[in-house]
Each structure stands twice: as structure tokens, then as C-alpha cells.
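The structure appears right after this line, and notes come after that.
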Amino acid sequence: MDKPRVRFAPSPTGYLHIGGARTALFNWLWARRTGGTFVMRIEDTDRERSTQQAVEAIFDGMRWLGLAWDEGPGVGGPHGPYFQTERLDLYREHAERLVREGKAYACYCTKEELEVQRKQAEAEKRQFKYPGTCREKPYDPSKKHVIRFRVPETGSTSWDDLVKGTISTPHETLQDEVILRGDGIPLYNFGVVVDDVTMKITLVGRGDDHVNNTARQILMYQALGYEVPVFGHFPMILGADKTRLSKRHGATSVTAYRDMGYLPEAVVNYLVRLGWSHGDQELFSLEEMIQLFDMKDVGATAGVFNPEKMQWVNHEWLKRLTPPELAKRALPYLRAAGLPAEDDAKLLQVVTVAQERARTLADYAAQFRYFYEPIALDPKAKDKFLVPANAPLLQAVRDGIAGMEGLETAALEKLFHQAAEGRGLGVGKVAQPVRVALTGGTASPGIYDVVQILGREETLRRLDAALKLVG
RNA sequence: GGCCCCUUCGUCUAACGGUUAGGACGUCGGCCUCUCACGUCGAAAACAUGGGUUCAAAUCCCGUAGGGGUCACCA
851 MDKPRVRFAP SPTGYLHIGG ARTALFNWLW ARRTGGTFVM RIEDTDRERS TQQAVEAIFD
911 GMRWLGLAWD EGPGVGGPHG PYFQTERLDL YREHAERLVR EGKAYACYCT KEELEVQRKQ
971 AEAEKRQFKY PGTCREKPYD PSKKHVIRFR VPETGSTSWD DLVKGTISTP HETLQDEVIL
1031 RGDGIPLYNF GVVVDDVTMK ITLVGRGDDH VNNTARQILM YQALGYEVPV FGHFPMILGA
1091 DKTRLSKRHG ATSVTAYRDM GYLPEAVVNY LVRLGWSHGD QELFSLEEMI QLFDMKDVGA
1151 TAGVFNPEKM QWVNHEWLKR LTPPELAKRA LPYLRAAGLP AEDDAKLLQV VTVAQERART
1211 LADYAAQFRY FYEPIALDPK AKDKFLVPAN APLLQAVRDG IAGMEGLETA ALEKLFHQAA
1271 EGRGLGVGKV AQPVRVALTG GTASPGIYDV VQILGREETL RRLDAALKLV G
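Mind the numbering: the first sequence is residues 851 to 1321 in our numbering, read in order.
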């Protein structure tokens, strides 16, 4: 059997969104898994809404996720061009052939005429369906016309959907739809069929919302005399209110998650688990997914996008990075937050302590500003811990650090313990005031780590400032 | 409204006729501990509903309800 050929065919009307990314991912995984080919095609026939900017945004998102295409824009391939607007001749040829064979016909009805009929049907509470007005009229290319596809009036078309099983569509619910507009631009269903045929696509994996297009497309394949591919329809991704995921549910573009400090590994991992699973396993590398993914394991039910779980997945991936790798990835986020971070030993220390504490790379900047900037003293923390009673403790720590050779953990530990025990206190009683003095708040990484990252000079400066404040 | 699809903890899901219905996120509690987090232990939490079929149904069939999708010279 030939290797599968799959495709991702977005319309460049906006950024790459979560749902599109998952569709792309499933197709990509299948291609990688089977040694097949992943084709990228841009469906830009809606000239009003398609933009070059959106094309770039989609490519950008795909590249970030690590989903490279084997054929398509940029990489070329034997079945191009890969933009529909560059394939207009192909659609016309196919449409004309259908007209010649009587499987399609020219329709001279105007939009206005049809609109009147549609209104009429609506008024009579009737389902509007193109009545076949031009079905038997002779072909006159000199008159303004569109091409309509002739659909059987009875019977039904069914197919064995890879994820949903057998689906059947009665022909009476279909109509003679327009496949080619007067200006030669194909309509969606026709463009898809001609392209999938000429690009030799063997498996069409796409969103659930295309189920109702499938029978008409199959009818077109048959009219054209081409082999029908296998179809698989992935369930929708929903928002918390169980309606289709959209902007009002929050961020929906994959690049928004990049900007929020998510790792592509995590986004892909989360997305693959939305509609697919492998036993109890939650974490998958791209390599593991490729090995384990199977279209047959894709579930049939729509899934709610859960930002909390994606954050958890992100944290898991963050925890798996080595500190140098983490530093490299975190640096741009610290910079973006206006922090004077460098790719140096200090950054390595910061990301190491942040690794278990922050769930996104953006959190590294948000939560650990005080390693790079003067502290923002939390008033409540100040009132509770920077009080005269704690002055001797702060002083003891300050003097101890001032007199230390280095800042080894063991030495710091000894200092804090002595300061506490000498007064019959627990270490926490010392650590908290110091923590407030050094970080401005009551929650931070281990206090010895904080001292080491800040360094002796800065630690002493902050302790002195706190002592002054205490009075 | 017509047609199509879907229905297991709040959420993602496992189960492929026989399980105390499992795991994960989230939530709550214990432990660990210099705070936070991590880790760890534990708890609460689901088969939409009514009929069949079967010795046996979350699993198969039918109905009902609920949800989603789609009905363009958009994609």
C-alpha cells in the first residue's frame, strides 16, 4: 500500500488557533507515524478575508510548534502550487469537464433572484433549496453564470469515518450547489476536492464541522471519476461553557501561548491529549506521540479546553529542562518584562530556583523581579516582620554575612540557626524577616538561595535598608 | 426548524459484556518544611434518562432528554 498523504489546509483569515493546531498536529503525527507525507495548502479563495499577514501567522505558529510540512509553501513539492488562488486553471478545467459530461451545469440565476426565493421560503417556513431552475438550460458561456454541481435527488451517500464510524447523508438534504463562481473562483467544497485529488491526498483529517460537507465532496469525487479518500473528523474543542472555543473564552492563538511563556512541547502535549489518549499516560514527547498516535484512538466526543491543565503540563515540561536550557528559554521573557537579565551564572541560579515554582516562563519575570530590581515592599509583610522586635535578628544576620568568607549554604544555615537558637526561636522566626527584607514579601525560594543569588553586597544593602526602616 | 454527530467525576480521559468504574488536572486535608513551591500520602467527585437483548450492560439495540455542528456565488 502506498504511504498515506495527509494535509492541513487552513484559510488565512487569522492566526493559527488552538483547534486548527490540533487538526494539524493529528495529521502531522499520522504522517510521521506512517512514514507518509504532510502537505500544507493555503485555502485563500476568500479574497475579502484572506491576508498575507495571516499566512505568515499560521506558518509562524506551525514552526513554533515544530510541525514542519513536507510539501507546501516554502518547501515546494510535485503537486503545487500550494495556494488555491494559484490553482484557478485547475478548478476551471475540472468544472468544465463536469459541464461537458452533464454532471454540472451553468446557472444564470442572479444572487438577487435567489435571495427573493430564499425570503419567500422563509416566509412560508419552508427549507430553501435551489429549485434547479437552470438545470436543463443549454450552456451559454457568453451569459454571466456560475457552475452548479448536479446532486442526485434520492438515495444517500455514506462513508466509514475513521473517528466516528459510519455516517450517512440523505441526498434530499443536499442541493445543486455552486462549485465555481462567475469570476472563476471555486467554492470551498469543489476547491477542496480538486486539490485533494490532484495533491493525491489519501486521508482527509479535519474538524467535525466538515462532516456535513463530506457527502457532497464524495459525490464530486465520484462525478470526477476519482478515488475517494478516507475521512476522519476530529471532535471540536469547546470553551468552558461548552460552546465552540472562540476569542471570548480567552486566548485561542497558539502564539498567544508562546507569548505567555508556554513551551511548544507543552502546548503540543496538551493538545494531543484533547481527543486522544494512550492509557493513563499524560506526558508525551513529540517522539513518543509519533510512536503511539493512531487515528483509530481519536475519540468522538468534543472536549473542553482546560487552561489549568495546560498550565500543569507546561510546568511538567519546564521541570524537565536542564538549567542551561531553561536559562536560554527564559531570558527573552525576562528581557521582555524589562529586567536587565543576562545569560550568566546569576540567570542560571534564578531559573534553578524558579523551576519548581513557576508554571510559565512569563512567571519567571513576574515572580522573581526582586533578583534584578529593587524590592517592592509589601506593606502587610512590612508591618508584620519589619518591626523593632526583629531588629536584633536582622542585625545578627547582617553582621554574620558581613563577616563571612563566602556564602556557602552550610555557613548560612549555621548563621541562621545560631541567630535563632541563641534566642530560643525557630529558624523561621529569623528567615521570615530576612525574607521580607530581601524580597519584599513573605513567599520566595529558600532564604539561603536568595542570599546567594543576590550576593553579599546586595544582601547587605537590603538588610541595612530594612534595619533603617525598623528604626 | 431540517439533517448530521455526540453523552463516564467540575474538566481531560481509561474501560474494548463480568472491575470495589482506573488515571490526570482542579478542589479539600495530612506529611515534609525557613515562607512559597516541589514532593508525598489521603479524601470528596462520574456511567444523562427510560425501555429492551443477555446468566451478566457504562459497554449492544430502540426511544427520550440535553449538548454540539451544519444548512451561502464563506471556509
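Cβ coordinates follow ideal geometry from the N, Cα and C atoms, glycine included.
Under a three-way DSSP split, which group does Arg1179 fall into? helix
In the DSSP assignment, find the beta strand (DSSP E) that holds His1083 and state where it starts and stops. If you look at His1083, you'll find it in the beta strand (DSSP E) that goes 1080-1084.
What is the DSSP secondary structure of Thr1016, counted as helix, strand or coil? For Thr1016, the secondary structure class from DSSP, reduced to helix, strand or coil, is strand.
Any heavy atom of the ligand NAP within a distance shorter than 6 Å of the CB on Gln977? As presented, the structure is devoid of all ligands, the ligand NAP included, so that no description of it is given.
How far does the alpha helix (DSSP H) with Asp1010 in it reach, from first residue to last? Premise fails: Asp1010 lies in the beta strand (DSSP E), 1006-1011, not in any alpha helix (DSSP H).
For Ala1239, the nearest candidate out of Leu1265, Leu1227, Val1280 (CA to CA): Val1280
Could you check the C-alpha separation between Tyr955 and Ala973 for me, to the nearest Å? 29 Å
Please specify which runs of the alpha helix (DSSP H), each continuous and at least 4 residues long, are wholly inside the stretch 892-951, giving them in chain order. 902-915, 938-950
Exposed or buried, what is Gln1131 when buried is set at 16 or more other beta-carbons lying within 10 Å of its beta-carbon? exposed
Relative to the C-alpha of Lys1146, which residue among Arg883, Arg857, Trp1167 is closest? Arg883
Taking C-alpha atoms, which residue in Thr1210, Pro1190, Tyr1120 lies nearest to Ser1135? Tyr1120
Candidates Gly1274, Leu1095, Glu1263, Arg1285: which alpha carbon is nearest Ile1225's? Arg1285
On the CB-based measure, 16 or more other CB atoms within 10 Å of its CB, does Ala1260 come out buried or exposed? exposed
When the distance is taken between beta carbons, is Tyr1076 closer than 7 Å to Val1047? yes
Cβ neighbour criterion (16 or more within 10 Å) applied to Gly1015: exposed
Which residues does DSSP pair with His1128 in a beta bridge? Gln1131
Do Lys1159 and Gln1205 count as a contact pair if the criterion is CB distance below 7 Å? Taking 7 Å as the Cβ cut-off, Gln1205 and Lys1159 do not qualify as a contacting pair.
Determine the extent of the beta strand (DSSP E) in which Phe888 is found, giving its start and end residues. 887-890
Would a C-beta distance cut-off of 7 Å place Tyr1214 and Leu1189 closer than the cut-off? no
Between the stretch 992-1001 and the stretch 1058-1077, do three or more beta carbon pairs fall short of 8 Å? Yes: at least three Cβ pairs fall under 8 Å.
Residue environment, Thr1210, which counts as buried when at least 16 other CB atoms sit within 10 Å: buried
Measuring CB to CB, does Gly911 end up less than 7 Å from Thr1102? no
Is DSSP giving Ala954 helix, strand or coil here? Strand.
I believe Phe888 touches Asp920 by the beta-carbon criterion, under 8 Å. Please report the beta-carbon distance rounded to the nearest angstrom. 5 Å
Entirely enclosed beta strand (DSSP E) segments - the stretch 1034-1119, minimum 3 residues: 1053-1057, 1080-1084
What is the residue span of the alpha helix (DSSP H) that Ile1029 lies within? First-last for Ile1029: 1028-1030, but that is the beta strand (DSSP E), not the alpha helix (DSSP H).
Sorted by chain position, which residues of the same chain lie with C-beta nearer than 6 Å to Gly1323's C-beta, five sequence neighbours on each side aside? Beyond the ends of the chain as shown, which are 851 and 1321, falls residue 1323; an answer cannot be given.
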